[in-house]
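In our numbering, the protein residues as written are 2 to 248. Structure first, commentary second.
Structure below.
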């Protein structure tokens with residue numbers, strides 16, 4: 002595994018691991034409350050190294066090995082963190098691989114990073130603070146978020162966590178499904194049919210919304226939100242390879 006390095010960010014030190022190799026650089030963007038030591042990120046790093054490809058994984062502030070407090074962060078902060086690390090490390094074309102929330106952040110960065118030449122979304126969750134959190138709250142929960150500043154939410158995988166007023170309000174400033182989303186490069190979307198966090202309709206909505214002449218959506222029957230089975234990991238490898246070849 003690549004050595005973990007750090008740079009100073011506005012909300013604390015930002016951790017990243019970079020593997021040198023052939024460009025375009027593959028940049029893995031992890032999900033909400035996930036980090037760069039997750040199964041997909043580490044697997045892809047090892048695979049990229051075996052292929053001689055450049056690879057970058059990173060932690061947003063409040064996530065994993067980076068500094069900062071998770072509850073203080075929001076989509077805009079985490080997108081800015083990722084952009085800061087990418088600009089610091091990568092000098093050349095890049096392919097954004099976004100898992101869950103990372104798919105939203107990749108969509109935001111695709112508008113900011115001119116060196117982007119490809120996008121792979123894995124159970125991509127654009128606009129989830131509005132489409133999933135806010136839309137799923139009842140009136141009592143909505144008032145609690147706005148008046149008390151946060152709402153405690155149960156987790157399928159870990160301890161309960163807070164959804165904050167800042168997260169909701171900032172998310173509305175970074176919605177990507179309500180504004181044009183031009184991606185003039187290869188785009189591949191991967192989605193499990195048994196995903197308990199991101200509905201199939203979200204993948205279809207993203208497919209219809211992105212403007213790209215080279216775009217495909219592939220459903221994997223039985224795959225859940227983790228999308229980390231051996232077959233899913235192999236599919237991610239093949240998909241990234243295809244995007245790199247067509248970029």
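Glycine included, each C-beta is placed from N, C-alpha and C at the ideal position.
Item                                                                                             : Value
Residue 213 beta carbon less than 8 angstroms from that of residue 41                            : no
Where residue 145 falls: helix, strand or coil (DSSP)                                            : helix
Three-state secondary structure assigned by DSSP to residue 25                                   : strand
Local conformation of residue 184 per DSSP, three classes                                        : coil
Reference residue 117; option with closest CA among 101, 53, 188                                 : 188
8 angstroms contact criterion, which residue 106 and residue 95 should meet: CB distance rounded : The pair is not a contact, with the Cβ atoms about 13 angstroms apart (cut-off 8 angstroms).
Distance CB(residue 190)-CB(residue 122) smaller than 8 angstroms                                : yes
Spatial distance of residue 208 from residue 231 (CA atoms)                                      : 25 angstroms
Identity of the residues DSSP links to residue 20 by a beta bridge                               : 56
Option in 120, 102, 203 with minimal Cα separation from residue 185                              : 120
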